[in-house]
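K.L.:
Heads up: the sequence shown is residues 3 to 114, going by the numbering used here. Every residue gets a Cβ at the ideal spot worked out from N, C-alpha and C, and that includes glycine. Input: one structure, supplied below.
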Amino acid sequence: MKFIIAIIKPFKLDDVRDALTEVGVAGMTVSEVKGFGRQKGQTEVYRGAEYTTNMVPKVKLEIACDSALAAQAVEAIQSAAGTESIGDGKIFVMELENAVRIRTGETGDTAI
C-alpha cells in the first residue's frame, strides 16, 4: 500500500478529485493549509484578489491506496493540478505499512 500526500492550489481541488475518481481512488482526506516554497514573499492571486504574503493558502490531500494504483493516482494529480506556474505544489509518496477499518476491524488493502 502507498500513502500519497499532495499539496495543491485550492482552485484545482475539484479537477483533482474528478481525475482521481476516474482512475479508481475511492477516498481521500482534504485539509486547508498554508505554507511556502520557492515562491515565498511573492504576489499571489487567490479568489480573484491579489496580495503579497509569505504564507500561501493551499489544499493538502491525503490518499491511501493500493500500490498498483499509486502511479496512476500521482499522474492524475500532476496532470489535473498543474498550471505550469510557480506554486503548483508537491506530491509525496510513502510506503503504508498497515491500515485498519475501525468499524469492521479489516486490515491492509481491504481496509482501504
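Could you say which of I65, A82 and K4 lies nearest to P12 if we only look at CA atoms?
P.N.:
Here residue 12 refers to the residue found at position 10 when the sequence shown is read from its first residue. It is A82.
K.L.:
Going by beta carbon distance, what residues of the same chain come within less than 6 Å of E64, once the five residues before and after it are set aside?
P.N.:
Residue 64 sits at position 62 when you count from the first residue of the sequence shown. I7 and T31.
K.L.:
When the Cα atoms are used, what is the spatial distance from I114 to S69?
P.N.:
Position 112 of the sequence shown, counting from 1, holds the residue named residue 114. Position 67 of the sequence shown, counting from 1, holds the residue named residue 69. Taking the straight line joining both Cα atoms gives about 12 Å.
K.L.:
What's the gap between the Cα of T23 and the Cα of A66?
P.N.:
Counting from 1 along the sequence shown, the entry for residue 23 is found at position 21. Counting from 1 along the sequence shown, the entry for residue 66 is found at position 64. Going by the C-alpha atoms only, they are around 13 Å apart.
K.L.:
Give the single residue among A28, G29, G37 and S87 whose Cα lies nearest to the Cα of P59.
P.N.:
By one-based count along the sequence shown, residue 59 stands at place 57. Here the closest residue by C-alpha is G37.
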